[in-house]
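Comments concern the structure below.
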Amino acid sequence: MQKNKKTVWDTHTLVFMGLLVAMHIVLTRILVIELGSYRITVGVVCTILSGLWFGPLAGGLCGMVADLLGCMLKGYAVNPFITLAAMMWGIVPALFRPLLNGTKKRKVLFVCVGVFLASVCSTLGLTTTGLAVYNGGKFVVSFMALLPGRLVQWAIMMPIYCILSSLLYLSPLTSFVLNSSRVGAAGREAKA
1 MQKNKKTVWD THTLVFMGLL VAMHIVLTRI LVIELGSYRI TVGVVCTILS
51 GLWFGPLAGG LCGMVADLLG CMLKGYAVNP FITLAAMMWG IVPALFRPLL
101 NGTKKRKVLF VCVGVFLASV CSTLGLTTTG LAVYNGGKFV VSFMALLPGR
151 LVQWAIMMPI YCILSSLLYL SPLTSFVLNS SRVGAAGREA KA
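Numbering (our numbering), first residue to last: 1 to 192.
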């Protein structure tokens, strides 16, 4: 008989997830260029990495926690569309994890495809929708008024997210994070 598979994160994984959430908050809420409805920041790279390293559930959870804590720190009302957008940054690229094998070019390609799809879904779709709903008035008019500026922001930031995510994922940092989690799990198994 087969047991139900449950996701259980060890202490090392939870610590790394907490660090990524903290880094996301610092990069998104403190080291940021605020331009009204537009924000220039690289904090989502932390959420992307959490998904690539620990899976879509961890990526989505890190994005959600970072958004909720960030809203509390800045005094913003929680916007469910924007929270869902934050979660998508960790979920969508992580769905490409099974394809991240082989050559560096292949890995870069699939990291970039995941980041591209997440950015379209999050930046252009959910976040723009959340801002349009938040602004009130006629939704379609507000959405269309925000979209040109969001397209410019997306065109500038999406390549930066792809480059940073690829560089960090292909760096020794990935093997350090993944191996330290495995070493911790192997050590606990050996003690048992």
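Where is the CB? At the ideal position from N, CA and C, for every residue including glycine.
DSSP state of residue i mapped onto helix, strand, coil
i    : result
Y76  : coil
N179 : helix
T13  : helix
V21  : helix
G136 : coil
V108 : helix
L95  : coil
S142 : helix
S171 : coil
Sequence-distant residues of its chain with Cβ nearer than 6 Å to residue i (five each side left out)
i    : result
V111 : S165, S166, Y169
Through-space distance from residue j to residue i, alpha-carbon basis
i    : j    : result
R97  : H24  : 21 Å
T129 : I156 : 20 Å
G60  : V44  : 11 Å
Y134 : G75  : 15 Å
G102 : L52  : 16 Å
T13  : A94  : 16 Å
C62  : T47  : 6 Å
T41  : V8   : 31 Å
V15  : V65  : 14 Å
Y161 : V115 : 7 Å
S171 : L99  : 18 Å
N193 : M158 : Given a span of 1 to 192 for the chain in the structure shown, any question on residue 193 remains unanswerable.
G137 : G36  : 18 Å
R39  : L109 : 26 Å
T174 : V152 : 31 Å
K104 : V177 : 19 Å
F81  : V113 : 22 Å
L20  : P148 : 31 Å
I163 : T11  : 30 Å
DSSP bridge partner residues for residue i (one or two, in chain order)
i   : result
R39 : E34
Heavy atom of the ligand FAD within 8 Å of residue i beta-carbon
i    : result
L164 : Inclusion of the ligand FAD in the displayed structure is not the case, the ligand content being empty and no account of it being possible.
Sequence-distant residues of the same chain with beta carbon closer than 7 Å to residue i, five excluded per side
i    : result
A132 : F139, S142, F143, L146
L27  : T41, V42, G43, C46
T83  : M64, D67, L68
M72  : none
W154 : S119, T123, L124
N79  : G130, Y134
CB contact flag (residue i, residue j, <9 Å)
i    : j    : result
M88  : L126 : yes
S122 : A85  : yes
R150 : L117 : no
I33  : P56  : no
R106 : G70  : no
Neighbourhood of residue i by C-beta, 8 Å cutoff - its chain only, sequence neighbours within 5 removed
i   : result
M17 : W9, S50, F54, A58, L61, C62
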